[in-house]
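Those sequence lines, one after another, are chains A and B. Residues in the first sequence are numbered from 8 upward in steps of one, following this note's numbering. Residues in the second sequence are numbered from 109 upward in steps of one, following this note's numbering. From the three backbone atoms N, C-alpha and C, an ideal C-beta is built for every residue, glycine too.
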Amino acid sequence: MSNFEVLDPKQHQTLRVNTQPGAAFGDDVMSAMVFPFEFRTLQAEYPILFRKDGQTGQFYALALLGLEPKENLYLDGAQWIARYLPLSARRAPFLITERKSLDDQKPAELLVSIDLDHPRTQHPDGELVFNEDGSNSALLDSTIECLGNIHAGHEQTRHYFDALSALSLITPMSLEVPLEAPLELTGFYGIDEDQLAALSDADLKQLQTAGGLEPTYMVLASLSQLSGLIQKKQHRILKALDH
Amino acid sequence: MSSAIRNIVIIGGGSAGWLAAGIIASTYAPNSQDKGLRVTLIESPDIKTIGVGEGTWPSMRRTLKRIGLSETDFIRFCDASFKQGTAFYGWMSDPSACYTHPFMPPNNFDALNPVDGYLAAHASARFDDTVCPQVALFANHLAPKQITTPEYAGQANYGYHLDAGKFATMLQRHCTEQLGVQQIVANVTEVLCRPNGDIDRLKTDRTDDLEGDLFIDCSGSQGLLINGLYEVGFIGRDDVLFNNRAIAAQTPYLDETAPIASCTRSTAQSAGWIWDIGLPTRRGTGYVYSAQHQSDDAAEQTLRQYIERTSTSEIAESVQTRTIVFEPGHRERFWHRNCVALGMAAGFIEPLEASALVLVELGATMIADELPADRSDMDSVGKRYNDRFRYRWDQIIDFLKLHYVLSTRTEAYWADHRNPSSIPESLQSLLTTWAYRAPWHHEGYHKDEMFPSASYQYVLYGMGFRPSRALPKHRHVEQDLAAAHHTFAQVTKQANQFRNQMPSNRDLLETLKQHRFQTV
């Protein structure tokens with residue numbers, strides 16, 4: 008279970024956080040939520056797909072990391088083999104929360120919290136969150152930047168999917184993985200390429216103005232990473248047979 | 109002389125008028141530069157629409173999509189909720205007996221007639237939940253879909269409960285703002301005809317004359333054109349269906365977490381039945397009865413007793429009631445010259461199977477899809493329209509009557525309903541066949557069938573109908589029984605999945621206040 012506390016230099020002066028990748032730290036996930044501003048970098052490593060949030064029915068984007076639940080094919084022991092890690096995979100055990108001001112005129116305050124029960128927290132091999140003088144450690148500074156970007160990314164995600172929906176550019180996608188025991192991945196969505204190709208000049212302009220054109224082509228380009236992912240899976244199956 | 113049909117004038121701005129305007133205008137882009145169709149709706153400033161809770165058929169999903177409305181906007185605006193069928197209480201002499209008519213057919217219905225298997229091995233259980241997993245949904249007030257389900261799609265088939273007044277307002281806005289329908293608020297003072305008897309124009313008390321090629325009479329039971337002008341005869345059907353009064357009341361929920369029923373509840377009384385439909389903010393309740401069999405005072409008391417039983421005595425005493433008098437029946441013809449009657453101007457019958465709005469949908473859809481190119485073809489289209497809708501009215505009346513014919517209640521009203529002289533020949537002959545052969549796909553000879561054979565099965569076997577004559581033993585009887593057994597086991601499994609997966613009607617409606625269904 009989670010046990011979140013708002014970060015405080017006095018209270019958390021000796022707190023350490025282990026930043027190493029690893030299944031034991033919760034990196035054994037089949038996908039990671041991603042944001043449109045990451046798509047350009049992501050598409051060189053991961054397939055980007057869309058999915059609906061089960062609670063709200065709203066779309067979000069994800070990088071596909073594996074082909075089965077709890078399978079991260081980019082993870083090899085304590086190494087995450089990729090040149091770029093999705094921001095959301097670097098977040099834990101930190102979380103950003105909004106504290107709404109009682110005064111409606113003032114913007115909500117953003118707070119950084121930490122999950123004290125997370126396996127990364129209070130690890131003897133970890134890095135300190137605060138320096139001895141109470142100032143932010145390098146880890147915390149980079150975390151704050153990461154959390155800020157994630158916060159902005161949620162807003163960007165909403166705008167991006169509004170733009171795609173308005174032009175009917177989202178289509179259901181089911182992936183058939185050609186393995187010895189074939190897998191079928193369902194519940195995913197992607198870009199409707201026919202619809203995209205048929206957009207009028209005015210619609211294209213609208214998509215570009217909304218900042219949706221580049222991410223959309225990045226999503227299309229990312230699909231070429233699917234074959235790499237399947238290859239990783241095949242290697243893993245072979246390796247398991249060897250042992 | 110033959111003139112092209114370019115101007116359609118609709119008289120009446122209730123849900124029938126605006127629904128017809130939406131269906132026709134969304135079919136023919138009226139704003140386009142070319143000679144697109146012009147749709148004008150005239151409504152009286154003096155007639156207020158009343159917010160009656162009303163049920164729809166699943167066909168309404170297709171209709172709303174066709175008109176171009178988002179399902180989320182529709183549900184939010186019209187105080188709408190999901191309806192998955194009707195549950196009948198007290199229709200048999202055993203007061204605890206209940207049966208339902210779900211919108212989904214029995215599982216595997218295309219390949220398997222479930223009746224033999226049901227009667228052979230499951231006849232002591234209920235028919236509906238033996239053959240259809242949807243019963244598990246509305247028995248637990250669960251929704252037919254999830255927030256992740258695309259708009260107008262469902263894991264289970266569904267229609268809506270809605271506030272008819274708000275529905276008309278939403279359609280009016282959409283028609284005038286998006287579909288180019290011209291709205292005129294005025295009273296019709298005079299109808300001017302051409303020498304051949306066609307309607308030429310309407311004079312009003314506050315605008316120029318309204319010319320038209322086709323006039324759609326949605327003016328309610330008065331039937332301004334179909335009756336007032338053309339005096340097309342009215343066929344009373346109170347010899348078959350006696351109910352001619354309704355007393356309605358809006359019943360509040362006891363608190364904000366009370367379940368919202370996801371089917372219409374119909375509870376039989378001594379001289380009629382009470383409807384109970386769950387909207388997000390209140391229940392719509394009402395007693396529809398026969399004035400020949402019960403006084404208005406006694407009827408009001410019956411309704412208040414029902415509300416007391418299902419709510420509190422304070423609410424039962426304090427709710428406002430409204431009485432509606434109607435004559436069950438329909439016009440001899442609905443399309444006459446260049447005039448078509450829709451909604452209550454065409455006819456009205458007790459809302460036992462919520463047939464009012466669906467008849468407007470079907471009528472307006474046929475007008476839109478089979479619109480004559482010019483006047484010369486209008487009479488033949490009108491003839492087809494009249495044949496088709498007369499058949500549909502007869503079918504609805506037969507199907508409603510079936511609920512009464514099978515009842516075992518003993519009060520005079522119910523005994524009168526079983527009097528053979530009150531049963532149409534068409535229904536009697538079906539009953540004769542069903543006495544040895546269960547309805548299945550044999551009856552589907554007509555493309556305009558209002559009710560699929562599944563609906564007849566739900567009523568017949570839900571009300572305990574049993575074959576009275578035997579056929580020779582079927583060659584594949586063992587195989588068929590095995591298939592039925594297998595299918596019924598699947599029903600049980602799917603019902604369990606539904607119970608585990610689907611949100612409650614109220615939870616989904618709450619989520620919809622914040623979030624939207626996607627289009628895919």
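Cβ distance (whole Å) where residue i is taken to contact residue j below 8 Å
i	j	result
Asn89/B	Gln598/B	Any answer about residue 89/B is impossible in this case: the structure gives chain B only from 109 up to 628.
Leu300/B	Arg309/B	5 Å
Ala472/B	Ile113/B	Ala472/B to Ile113/B, Cβ: 15 Å. No contact.
Leu616/B	Ile255/B	6 Å
Ile121/A	Phe101/A	6 Å
Arg127/A	Ala99/A	6 Å
Ile432/B	Ala357/B	Not confirmed; about 12 Å, so no contact.
Gln65/A	His623/B	6 Å
Three-way DSSP call (helix, strand, coil) for residue i in this model
i	result
Ile151/A	helix
Glu458/B	coil
Pro43/A	helix
Lys77/A	coil
Gly125/B	helix
Arg98/A	helix
Asn216/B	coil
Leu190/A	strand
Gly225/B	helix
Gln377/B	strand
Gly130/B	helix
Val468/B	helix
Ile244/A	helix
Met180/A	strand
Pro131/A	coil
Lys212/A	helix
Cys301/B	strand
Arg90/A	coil
Ala592/B	helix
Contact check, residue i vs residue j, beta carbons under 9 Å
i	j	result
Tyr268/B	Cys186/B	yes
Glu162/B	Ala462/B	yes
Arg58/A	Ser38/A	yes
Leu82/A	Gly29/A	yes
Arg412/B	Ile307/B	no
Ser181/A	Glu191/A	yes
Ala454/B	Arg439/B	yes
Ala124/B	Leu450/B	yes
Leu145/B	Ile116/B	yes
Leu270/B	Thr164/B	yes
Ser201/B	Thr516/B	yes
Gly437/B	Phe342/B	yes
Trp381/B	Cys283/B	no
Ala264/B	Met610/B	yes
Gly122/B	Cys447/B	no
Val254/A	Ile55/A	The structure shown does not extend to residue 254/A, since chain A is modelled only from 8 through 250, so no value can be given for it.
Asp181/B	Pro210/B	no
Same chain only: Cβ atoms within 8 Å of residue i, ignoring 5 sequence neighbours per side
i	result
Leu80/A	Leu72, Gly73, Leu74, Leu236, Lys239, Lys240, Arg243
Pro153/B	Val293, Ala294, Asn295
Contact set for residue i: own chain, Cβ-Cβ below 7 Å, skip 5 residues either direction
i	result
Pro179/A	Tyr196
Met109/B	Caution applies to Met109/B, whose pLDDT of 45 falls short of 50 and renders its modelled position unreliable; the value that the coordinates give is listed next. For Met109/B, where only same-chain residues beyond five positions count, there are no Cβ hits under 7 Å.
Asp347/B	Ser530
Val340/B	Ile334, Arg439, Glu440, Arg441, His444
Gln400/B	Phe350
Residues of its chain near residue i, where Cβ-Cβ distance is below 6 Å and the 5 sequence neighbours each way are ignored
i	result
Leu171/A	Ile177
Phe196/B	Tyr207, Ser374
Ile157/A	Leu94
Glu52/B	There is simply no residue 52/B to check, as chain B begins at 109 and stops at 628 in what is shown.
Gln290/B	Thr148
Amino acids of chain C, ordered along the chain, whose beta-carbon sits closer than 9 Å to that of residue i
i	result
Thr193/A	In summary, chain C is missing from the structure at hand, where the protein chains are A and B.
*Quick one: which residues of the region 66-78 of chain A get their C-beta closer than 8 Å to a C-beta of chain B? List them in chain order.*
Phe66
*chain B contacts made by the region 93-119 of chain A, where a contact means CB separation under 9 Å*: When C-beta distances to chain B are compared with 9 Å, every residue of the region 93-119 of chain A stays at or above that value.
*What residues from the region 323-348 of chain B come within 7 Å of chain A, judged by C-beta to C-beta, listed N to C?*
none
*Cβ-based contacts, 8 Å cut-off: residues of the region 168-187 of chain A near chain B*: Ser172, Ser175, Ile177, Thr178, Pro179
_What are the residues in the region 244-264 of chain B lying within 7 Å of chain A by C-beta distance?_
Listed by position, the residues of the region 244-264 of chain B near chain A (Cβ gap below 7 Å) are Ile255, Thr256.
*With 8 Å as the limit, tell me which residues of the region 608-623 of chain B have their beta carbon closer than that to any beta carbon of chain A; keep them in chain order.*
Thr619, Gln622, His623
*asked:* So if I threshold CB-CB distances at 9 Å, which residues from the region 212-225 of chain A count as touching chain B?
replied: none
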